[in-house]
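Since the structure comes first, as structure tokens, the remarks are kept for the end.
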Amino acid sequence: MSKLTSIQKWTAEQGADFTYISDPKTIEYLTGFYSDPVERVLALVVFADQEPFMFAPALEVEVIKGTGFSHPVYGYLDHENPWQMIGDQVKKRVADPKRIALDKSYLPVAREEALQKVFTDAAFDKDVTSLVEHMRLFKTPDEIAKLEAAGREADFAFEQGFAAVHPGVTEMSIAAKLEYELKLRGVSNMSFDTLVQAGAHAANPHGDTSEIKVQNNQLVLFDLGTVHDGYISDASRTVAVGKPTDKELDIYKVCLEAQLKAMDAVKPGITAEELDFVARDVINKAGYGEYFIHRLGHGMGMSEHEFPSIMEGNKMELQPGMCFSIEPGIYIPDVAGVRIEDCVHVTENGAEPFTHTSKELTYVDK
Numbered sequence: 001m002s003k004l005t006s007i008q009k010w011t012a013e014q015g016a017d018f019t020y021i022s023d024p025k026t027i028e029y030l031t032g033f034y035s036d037p038v039e040r041v042l043a044l045v046v047f048a049d050q051e052p053f054m055f056a057p058a059l060e061v062e063v064i065k066g067t068g069f070s071h072p073v074y075g076y077l078d079h080e081n082p083w084q085m086i087g088d089q090v091k092k093r094v095a096d097p098k099r100i101a102l103d104k105s106y107l108p109v110a111r112e113e114a115l116q117k118v119f120t121d122a123a124f125d126k127d128v129t130s131l132v133e134h135m136r137l138f139k140t141p142d143e144i145a146k147l148e149a150a151g152r153e154a155d156f157a158f159e160q161g162f163a164a165v166h167p168g169v170t171e172m173s174i175a176a177k178l179e180y181e182l183k184l185r186g187v188s189n190m191s192f193d194t195l196v197q198a199g200a201h202a203a204n205p206h207g208d209t210s211e212i213k214v215q216n217n218q219l220v221l222f223d224l225g226t227v228h229d230g231y232i233s234d235a236s237r238t239v240a241v242g243k244p245t246d247k248e249l250d251i252y253k254v255c256l257e258a259q260l261k262a263m264d265a266v267k268p269g270i271t272a273e274e275l276d277f278v279a280r281d282v283i284n285k286a287g288y289g290e291y292f293i294h295r296l297g298h299g300m301g302m303s304e305h306e307f308p309s310i311m312e313g314n315k316m317e318l319q320p321g322m323c324f325s326i327e328p329g330i331y332i333p334d335v336a337g338v339r340i341e342d343c344v345h346v347t348e349n350g351a352e353p354f355t356h357t358s359k360e361l362t363y364v365d366k
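Residue numbers for the sequence shown, in the UniProt record's numbering: 1 to 366.
This is how it looks when you write it as structure tokens:
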């Protein structure tokens, strides 16, 4: 069964007249076409028993056709009303829609309201999000191969980034260097903004890459990833400059132990929360539990954050083909931050990582 056929079947089972999908990543997953429309409207409309169609800005129509999408594509100009045009195309197929399914986790309220003004008699009570999440949950061998390629690019990025670390250089210049080297290899896109954080700055796990300069005798955290043929990498390493303090070295040792134990614990049948506990237990027993302030991991594939969350309360059993990150972290304000992360795919008897850069503490500039 094709991906679009699965959506059609679900639409029929839900008693919906059509399913309106607007998440660009979901559209890419279902059709092979990706574009971020920014403020414009991009949508995939799937019917229970009729041919689907794509609706897009006029400047994207020929590109969509060139991807091999074999169904109708309709475009609109900036001065035209896209909602009325979508309504006109739908009503050519279903004269009086009564039930419409949406991807509610993505669609903004204002856009749902715009659809409601066009389909005034319809209920918008069905959500396709869960179906798409489960479809994307299990990766095919082809998807795994693309994720492996993205992982190799991330390993190269670490190599280049580590070589750029010296006392006196800024976090920003290190990130620029590794991204420049990636572009020379033909890697045009990062999967998210490259994060390089020196010293105590790394204690902010969702901070940014700044003009802070690397100093001697401290740790430097890297978090990076690339996009390869629509699939991403996401990995973190923490390296040493000079001789970090005993406290910093202990934080690193504990974080590494937690990450390695969690990697070893992955197998079909273990639940997401059990895996989270494996890493968290190591950090708790070392006395750093209050400084591990996020889930152990998240799903990944075409996006850096996908379903499921590897965290307490999630009793989902992990199964072959699932892909997710394992990234324990310890963040002590005004002291240091350490995170070690690999994304993995579950196999029949364990897990295989997509990145292979050494996790033993690397001294990049002695």
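Ideal placement from N, C-alpha and C gives every residue a C-beta, glycine not left out. Remember, it's a predicted structure, so these values are computed and weren't measured experimentally.
Original post:
If we call anything under 8 Å between Cβ atoms a contact, is Ile232 one with Met302?
Top reply: Here residue 232 refers to the residue found at position 232 when the sequence shown is read from its first residue. Here residue 302 refers to the residue found at position 302 when the sequence shown is read from its first residue. In this structure, Met302 lies closer than 8 Å to Ile232 by Cβ.
Subject >> Limits of the alpha helix (DSSP H) - the one that Tyr34 falls within >> reply: Working through the sequence shown from its first residue, we reach residue 34 at position 34. No residue range can be given for Tyr34, since it is assigned to no alpha helix (DSSP H) and is classified by DSSP as neither H nor E.
Subject >> Neighbourhood of Tyr34 by C-beta distance below 8 Å, restricted to the same chain and skipping five residues each side >> reply: Stepping through the sequence shown from its first residue, residue 34 is reached at position 34. Excluding residues within five positions, the ones whose Cβ falls inside 8 Å are Pro24, Lys25, Ile27, Glu28, Gly230.
Original post:
What's the gap between the Cα of Gly299 and the Cα of Cys323?
Top reply: Sequence index remark: in the sequence shown, residue 299 carries index 299 (1-based). Sequence index remark: in the sequence shown, residue 323 carries index 323 (1-based). Cα to Cα, Gly299 sits roughly 6 Å from Cys323.
**OP:** With distances taken Cα to Cα, identify the nearest neighbour of residue 385 among Val187, Ala262, Gln160, Ile330.
**Re:** Any answer about residue 385 is impossible in this case: the structure gives the chain only from 1 up to 366.
Original post:
Roughly how many angstroms lie between the CA atoms of Tyr20 and Ala43, to the nearest whole one?
Top reply: Residue mapping note: residue 20 aligns to position 20 of the sequence shown, counting from 1. Residue mapping note: residue 43 aligns to position 43 of the sequence shown, counting from 1. Approximately 7 Å between the Cα atoms of the pair.
Original post:
What residues match up with Cys343 in a beta bridge as DSSP calls it?
Top reply: Start at 1 with the first residue of the sequence shown, and residue 343 comes out as number 343. In the DSSP secondary-structure assignment, Cys343 is bridged to Ser325.
**OP:** Check whether the Cβ atoms of Leu182 and Thr226 lie closer than 8 Å to each other.
**Re:** Position 182 of the sequence shown, counting from 1, holds the residue named residue 182. Position 226 of the sequence shown, counting from 1, holds the residue named residue 226. Result yes, Cβ atoms of Leu182 and Thr226 sit closer than 8 Å.
**OP:** Give the range of the alpha helix (DSSP H) segment to which Phe277 is assigned.
**Re:** Counting from one through the sequence shown, the residue named residue 277 turns up at place 277. Phe277 -> alpha helix (DSSP H) spans 272–285.
Subject >> Residues sharing a beta bridge with Pro57, DSSP >> reply: The residue given as residue 57 occupies position 57 in the sequence shown. DSSP output for Pro57 lists Tyr76 as bridge partner(s).
**OP:** Within 10 angstroms of the Cβ of Thr140, are there 16 or more other Cβ atoms? Answer buried if so, exposed if not.
**Re:** On the sequence shown, residue 140 is found 140 positions in, with the first residue counted as 1. Thr140 should be labelled exposed.
**OP:** Could you tell me whether the Cβ atoms of Ala240 and Tyr331 are closer together than 8 Å?
**Re:** The residue you call residue 240 lines up with position 240 of the sequence shown. The residue you call residue 331 lines up with position 331 of the sequence shown. Result no, Cβ atoms of Ala240 and Tyr331 do not sit closer than 8 Å.
Subject >> Per-residue burial, His345 [other beta carbons within 10 Å of its own, 16 or more giving buried] >> reply: Locating residue 345 in the sequence shown gives position 345, where the first residue counts as 1. Result: buried.
**OP:** Taking only beta-carbon positions, decide if Lys177 is within less than 8 Å of chain C.
**Re:** Structure shown: chain C not included; a single protein chain is present.
Original post:
How about the region 190–201 and the region 215–226: do they share at least three Cβ pairs that are nearer than 8 Å?
Top reply: yes
Subject >> Identity of the residues DSSP links to Asp127 by a beta bridge >> reply: Here the question's residue 127 lines up with position 127 in the sequence shown. In DSSP, Asp127 forms a bridge with Leu102.
**OP:** Answer yes or no: do Pro268 and Pro353 have a C-beta to C-beta separation smaller than 8 Å?
**Re:** Indexing the sequence shown from 1 puts residue 268 at position 268. Indexing the sequence shown from 1 puts residue 353 at position 353. It is not a contact, given that the beta carbons lie outside the stated cut-off.
Original post:
From which residue to which residue does the alpha helix (DSSP H) around Val254 run?
Top reply: Position 254 of the sequence shown holds residue 254. Segment 246–265, the alpha helix (DSSP H) holding Val254.
**OP:** Sort out for me which residues DSSP pairs Tyr331 with in a bridge.
**Re:** Position 331 of the sequence shown holds residue 331. According to DSSP, Tyr331 bridges with Gly337.
Subject >> DSSP state of Lys359 mapped onto helix, strand, coil >> reply: For the purposes of this step, residue 359 is taken as residue 359 along the sequence shown, with counting starting at 1. It is coil, neither helix nor strand.
Subject >> Short Cβ contact (8 Å threshold) for Asp365 with Gly287 >> reply: Taking the sequence shown and counting its residues from 1, the one referred to as residue 365 is at position 365. Taking the sequence shown and counting its residues from 1, the one referred to as residue 287 is at position 287. No.
Original post:
Is it buried or exposed for Ile100, if we count other Cβ within 10 angstroms and need 16 for buried?
Top reply: Your numbering for residue 100 matches position 100 in the sequence shown. It counts as buried.
Original post:
Looking at the structure shown, is residue 370 part of a helix, part of a strand, or coil, going by DSSP?
Top reply: Lying outside 1 to 366, the shown extent of the chain, residue 370 is not represented and no answer is given.
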